[in-house]
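If you read the sequences in order, they're chains A and B.
For our numbering, count along the first sequence from 1 and bump the result up by 127.
For our numbering, count along the second sequence from 1 and bump the result up by 9.
The beta-carbon is built from N, C-alpha and C at its ideal position, and this holds for glycine as well.
In this text the structure is predicted, and so the values were computed from the model without any measurement.
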Amino acid sequence: MPPPNDLVLESRDLGYSYAPGRFAIRHLSLGLHRGEVLGLLGRNGAGKTTTVRLLTTLLPPTEGTATILGYDLRTGGRALRSRLGVVLQSESLDFVSLERNLTLYAFLWGVPREVAKSRAEEMIELFELDHARKRKPWALSGGERRRFQVARELMHEMEILFLDEPTVGLDAISRRRILRYLRERAKQGLSIVFTTHILHEADLLCDRIAILHLGRLLALDTAESLKLRYGGNREVSMVFTTPVPPPLRAEFASALHGRGAVLLDAEPGAAEATNRLALRAEHTEELLPWLSQWVQAHSLEFERMSVEEATLEGAFLGMIGEDAAEEDSRTSRDDSPEREALRQTGGELT
Amino acid sequence: MRLPPVLRLVVRNFTSNLDPISITIRFGQPVVTIVVLGTMFSSIISSSVTNGTSYTAFLVPGMVAFQMITGGVISGNLFWLDRRWAMTEQIFSGPFLRSEYLGGLVLTTLLFSLVGVGVMMLVGLPFIGIAALSPLGVGTVLLTVALGSIFFAGLLITLGTRLRSANAYFSIQSFLQLFVIFLSTVYYPISASTPKVLAVIFYGNPLTYAANTIRDAFAGTLGGSALEGLGILAALALVMFVAAVGAFRTLELGPIQ
């Protein structure tokens with residue numbers, strides 16, 4: 128983790144309200160270090176896009192403060208934006224060939240012509256767009272357009288890159304390639320703010336993850352810590368070389384003493400004795416040595432044993448909660464505050 | 010060398026979104042009007058109606074004035090396409106101010122209008138001759154078209170900031186274009202026989218002042234009425250530019266259809 132004084136972005140109680148008392152984002156306090164990749168996760172309407180738009184000056188904050196690269200977010204203006212890169216959720220295109228789009232965008236940013244030409248070649252190769260370089264935007268596939276959006280933004284220098292769902296519509300290989308490249312750039316010192324719905328992607332790429340829900344920051348931590356804190360129970364499955372008789376199962380269940388819960392299919396009293404015992408447990412680190420001892424003590428022999436890893440998805444679902452589905456159906460109605468915010472801000476509140 | 014932001018935006022405006030076919034049609038339409046309409050109607054419209062000149066000679070200054078609409082429409086369309094394809098938002102997230110983006114659009118408008126003026130002059134001169142067009146006259150023509158272009162660009166950009174549907178934008182733009190052209194003195198003068206209501210509408214139309222001023226410049230009769238026309242155009246251009254600036258300050262970004 129970078130040193131704490133290496134913050135390139137720091138927000139305190141940042142908020143945006145689209146009408147008096149109606150907030151799309153509220154009390155957003157987070158920091159971003161140089162070379163760090165910060166993931167913004169949340170359900171539709173959580174406020175991810177609003178956060179990106181706020182932090183890139185496309186929306187004016189209605190409360191709180193933020194300092195980005197030493198500039199006040201409210202007054203930084205052009206000087207601040209000239210050090211940022213932004214890949215917005217909505218596709219933006221000029222009506223020239225893909226190759227010309229890249230060099231034209233570089234020209235807009237004041238990149239010297241020769242640098243722009245060589246960088247365009249680099250991006251075309253990196254994002255596998257060589258076959259489409261002479262095509263106009265409307266002749267590109269959805270995935271090609273998305274790859275192009277990211278490639279175009281990388282045509283100029285920046286210190287912080289904001290990516291709003293950059294991998295939507297991409298195949299697994301393209302996605303992996305882009306993530307690997309972004310990881311490399313982060314190692315070179317580029318700070319990245321990245322929104323996605325693909326939790327596995329966030330787990331792979333992000334140093335820290337901010338989980339937003341209904342415009343509020345629920346958690347901000349590393350993926351590992353989030354999994355540990357909110358990932359819930361893990362499933363431990365043991366298959367033995369011989370059947371485990373019901374009395375032994377009953378003894379196992381009582382011996383657990385709250386270390387875990389025996390799963391239904393292997394409950395004591397099950398009609399048939401099977402070779403399998405399965406349980407759910409929160410702290411497998413302490414449980415596993417105990418299990419090993421218990422198995423040895425009862426002269427059983429493992430055929431195989433597996434422990435299901437905690438996932439970010441598990442942590443995410445654990446945080447947002449099962450009743451979020453109900454909230455979602457309420458907030459996705461056309462008259463919901465989030466929909467209203469979408470109309471007011473002219474953006475996707477995702 | 011790194012160009013100033015406004016000029017970079019102008020270069021980008023010329024490079025993107027402007028396809029050769031639509032540009033050819035935009036400049037070609039008034040040329041065809043001068044050649045075909047002028048030639049055909051000259052034989053049936055008496056020169057007494059057109060202040061002693063042929064109908065073609067009457068039409069050429071009108072078509073020169075018409076270039077301010079061409080420029081304004083191009084600017085409005087550029088802005089609309091930028092909004093539609095989210096380039097406005099993308100540009101605003103970069104090292105540009107909103108005022109620079111607006112300045113880039115207006116400058117693009119002016120350049121287009123002035124190129125249009127050149128094309129119309131080249132086509133029209135064989136019909137009207139150049140004798141009476143003094144340097145002051147040329148300056149007046151350019152200033153008139155420039156002011157008119159700013160007015161129409163401001164009008165269409167303001168409209169573009171407030172509409173969220175392509176159908177609505179292009180329908181209103183077509184209607185405005187038709188209304189402004191035909192209810193002006195581009196095709197026919199105001200005379201004693203012009204119905205009073207129509208005359209009032211004509212004088213409420215900036216294109217009338219532009220066409221009349223340019224006719225005076227071509228005829229070498231620049232005087233008080235030309236100055237008055239320029240003053241009205243300048244005031245209208247200022248009002249529409251301020252309206253466009255205001256609309257830009259409160260422009261809501263995001264998806265439109």
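- With distances taken between CA atoms, V45 of chain B lies nearest to B:L68 out of B:L68, B:S31, B:I30.
- For a Cβ distance threshold of 9 Å, nothing in chain B lies close to L159 of chain A: the least Cβ distance comes to about 17 Å.
- Not a single CB atom of chain B sits nearer than 8 Å to the CB of D199 of chain A.
- Chain A places no beta carbon closer than 8 Å to that of F121 of chain B, leaving this residue out of the contacts.
- Only those residues of the stretch 85–106 of chain B whose C-beta falls short of 9 Å from the nearest C-beta of chain A are listed: L90, D91, W94, A95, M96, T97, E98, Q99, I100, F101, S102, G103, P104, F105, L106.
- If you ignore the 5 residues before and after F88 of chain B, its C-beta comes within less than 7 Å of the C-beta of L114, I166, G169, all in its own chain and listed in chain order.
- With contacts defined by Cβ atoms closer than 8 Å, I319 of chain A and V214 of chain A do not form a contacting pair.
- Closest in C-alpha terms to G47 of chain B, from the list B:R21, B:L27, B:P29, B:G71, comes B:G71.
- Comparing alpha carbon positions, the residue from A:Y357, A:E286, A:V366 closest to L207 of chain A is A:E286.
- Residue state for E190 of chain A is assigned as strand, using DSSP reduced to three classes.
- In this structure, V73 of chain B and I223 of chain B form a Cβ contact; the two beta carbons are roughly 5 Å apart against a cut-off of 8 Å.
- Not a single C-beta of chain B is nearer than 8 Å to the C-beta of G172 of chain A.
- Look at the stretch 312–368 of chain A and you find these whole runs of beta strand (DSSP E), each 3 residues long or longer: 318–322, 335–340, 343–348, 361–367.
- Residue environment: E237 of chain B is assigned as exposed (fewer than 16 neighbouring CB atoms within 10 Å of its CB, all protein chains considered).
- Interface residue (Cβ-Cβ distance to chain A less than 8 Å): L262 of chain B is classified as such.
- A residue is called buried once 16 or more other Cβ atoms fall within 10 Å of its Cβ, and F75 of chain B is buried on that count.
- Interface criterion met: the Cβ of V213 of chain A is under 8 Å from a Cβ in chain B.
- Secondary structure within the stretch 150–236 of chain A: the beta strand (DSSP E) runs of 3 or more consecutive residues, fully enclosed, are 164–169, 190–195, 211–214 (chain order).
- Looking at the backbone, the Cα of G80 of chain B and that of L344 of chain A are separated by about 49 Å.
- Taking 8 Å as the cut-off, the Cβ atoms of A220 of chain B and T194 of chain B count as close.
- At a Cβ-Cβ threshold of 8 Å, P215 of chain B and L245 of chain B count as neighbours.
- Inclusion of H340 of chain A and A173 of chain A in the CB contact set at 8 Å is warranted, their separation being smaller than that value.
- Sequence-distant Cβ neighbours of S55 of chain B in its own chain, meaning closer than 6 Å and more than five residues away, do not exist here.
- Boundaries cannot be given for I199 of chain B, as no alpha helix (DSSP H) includes it and DSSP labels it neither H nor E.
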